[in-house]
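In my numbering, the protein residues as written are 1 to 315. Yeah, the Cβ is synthetic: ideal placement off N, Cα and C, and Gly gets one too. These notes are about the structure you will find just below.
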């Protein structure tokens, strides 16, 4: 069954909530998009984009029920289209991705407690869309810049407030890591104005305090690496000149507990290069957090640790 035949069929069954054939037809379309690029017309691809966008819109608005598998395949089709050298610069695709990126996140946040996989798929689409918006060879640079701004807005307006509130409810660690990975990906575009604005938004949400709260909830190596690396990128964006490098160099040895960071400052590091590296990273984190009035540890403990550190240096 060819692509030309599949589009009209999808158009019919897309109007029926939970239609049993939706996922099967979408799988065939996904296969066509992924493996037989260039065999169909631009008009047909644009029609597909509009049908899929409408399905997601109705699903988000509660008009059209959708199976989790159907939702996942739709996300995968959009990703495949973005990666297609033949059709990834379609103006209609770029425009619709603005709406799709928001719709998938909003609909996933409402069901996250029951279906974390759907949110992970939405985050994957969001990250791929942001990467797509920064491709240099685009013939639609202004539209792609708008797409990038839209995705950053989704993160600031919806994902950031949600994760800051939901973290206390012990949500799936993979979901937390997925959101952090998306945020980190935006910060890694260091010269981008969107990265700068997003970094300032994170800081205004007490990001350092949130990071250590997350480490307390999920004391795993995966979480530690993600959060410290994200801190280093955040510092890079805020201060420039690769200023987050000390944190990156020490990440494997830094502790999860902020009180242990303070303990490090009280140790003598004259002949211990690793300890000295960790102390430099700790001082940088404390400095950056203090600049933005964040207090993830008791002031007295911090004062004592700094006093002891200074005493050891000059002893």
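Work out the CA separation of residue j and residue i for me, nearest whole Å.
{"i": "residue 252", "j": "residue 174", "result": "20 Å"}
{"i": "residue 67", "j": "residue 18", "result": "6 Å"}
{"i": "residue 209", "j": "residue 285", "result": "11 Å"}
{"i": "residue 54", "j": "residue 198", "result": "29 Å"}
{"i": "residue 80", "j": "residue 116", "result": "22 Å"}
{"i": "residue 257", "j": "residue 83", "result": "41 Å"}
{"i": "residue 172", "j": "residue 280", "result": "33 Å"}
{"i": "residue 315", "j": "residue 263", "result": "Reliability fails at residue 315, whose pLDDT of 44 lies under 50, so the model's placement of it is uncertain and the value that follows must be treated cautiously. Straight-line Cα distance between these residues: approximately 18 Å."}
{"i": "residue 249", "j": "residue 274", "result": "9 Å"}
{"i": "residue 10", "j": "residue 26", "result": "8 Å"}
{"i": "residue 195", "j": "residue 45", "result": "32 Å"}
{"i": "residue 125", "j": "residue 291", "result": "35 Å"}
{"i": "residue 103", "j": "residue 158", "result": "11 Å"}
{"i": "residue 6", "j": "residue 204", "result": "48 Å"}
{"i": "residue 201", "j": "residue 156", "result": "7 Å"}
{"i": "residue 303", "j": "residue 192", "result": "Its pLDDT being 49, under 50, residue 303 is placed unreliably in this model, and the coordinates cannot settle the point."}
{"i": "residue 99", "j": "residue 4", "result": "25 Å"}
{"i": "residue 141", "j": "residue 23", "result": "34 Å"}
{"i": "residue 12", "j": "residue 47", "result": "13 Å"}
{"i": "residue 97", "j": "residue 42", "result": "17 Å"}
{"i": "residue 146", "j": "residue 289", "result": "31 Å"}
{"i": "residue 101", "j": "residue 135", "result": "17 Å"}
{"i": "residue 254", "j": "residue 229", "result": "11 Å"}
{"i": "residue 267", "j": "residue 165", "result": "36 Å"}
Which residues in the same chain as residue i place their Cβ atom closer than 8 Å to its Cβ, once the five residues preceding and following it in sequence are excluded?
{"i": "residue 170", "result": "217"}
{"i": "residue 226", "result": "177, 180, 181, 184"}
{"i": "residue 233", "result": "184, 187, 188, 190, 244"}
{"i": "residue 300", "result": "Summary for residue 300: the model assigns pLDDT 40, below 50, so the residue's position carries little reliability, and this model does not support an answer."}
{"i": "residue 2", "result": "32"}
{"i": "residue 69", "result": "23"}
{"i": "residue 106", "result": "60, 158"}
{"i": "residue 35", "result": "none"}
Can you say whether residue i is buried or exposed, counting buried as having 16 or more other CB atoms within 10 angstroms of its CB?
{"i": "residue 87", "result": "buried"}
{"i": "residue 62", "result": "exposed"}
{"i": "residue 148", "result": "buried"}
{"i": "residue 21", "result": "exposed"}
{"i": "residue 278", "result": "buried"}
{"i": "residue 211", "result": "buried"}
{"i": "residue 287", "result": "exposed"}
{"i": "residue 246", "result": "buried"}
{"i": "residue 85", "result": "exposed"}
Please go through the same chain and pick out, in chain order, the residues whose beta-carbon is closer than 7 Å to the beta-carbon of residue i, but skip the five residues on each side of it.
{"i": "residue 236", "result": "190, 242, 243, 244"}
{"i": "residue 95", "result": "143"}
{"i": "residue 74", "result": "26, 52, 55, 56"}
{"i": "residue 111", "result": "118"}
{"i": "residue 214", "result": "167, 176, 223, 227"}
Leaving out the 5 sequence neighbours to the left and right, which residues in its chain are closer than 6 Å to residue i when beta-carbon positions are compared?
{"i": "residue 109", "result": "162"}
{"i": "residue 72", "result": "121"}
{"i": "residue 123", "result": "178, 182"}
{"i": "residue 312", "result": "A caution first: residue 312 carries a pLDDT of 48, below 50, which makes its placement in the model too unreliable to give a value."}
With distances taken from CA atoms, which of the options is nearest residue i?
{"i": "residue 16", "options": "65, 154, 221, 98", "result": "65"}
{"i": "residue 240", "options": "30, 144, 56, 188", "result": "188"}
{"i": "residue 127", "options": "151, 60, 234", "result": "151"}
{"i": "residue 90", "options": "255, 134, 49, 260", "result": "49"}
{"i": "residue 29", "options": "78, 246, 59", "result": "78"}
{"i": "residue 260", "options": "283, 85, 93, 12", "result": "283"}
{"i": "residue 93", "options": "133, 59, 255, 123", "result": "133"}
{"i": "residue 160", "options": "129, 131, 207", "result": "207"}
Can you find a CB in chain D that lies within less than 7 Å of the CB of residue i?
{"i": "residue 51", "result": "The question asks about chain D, but that chain is absent: this structure has only one protein chain."}
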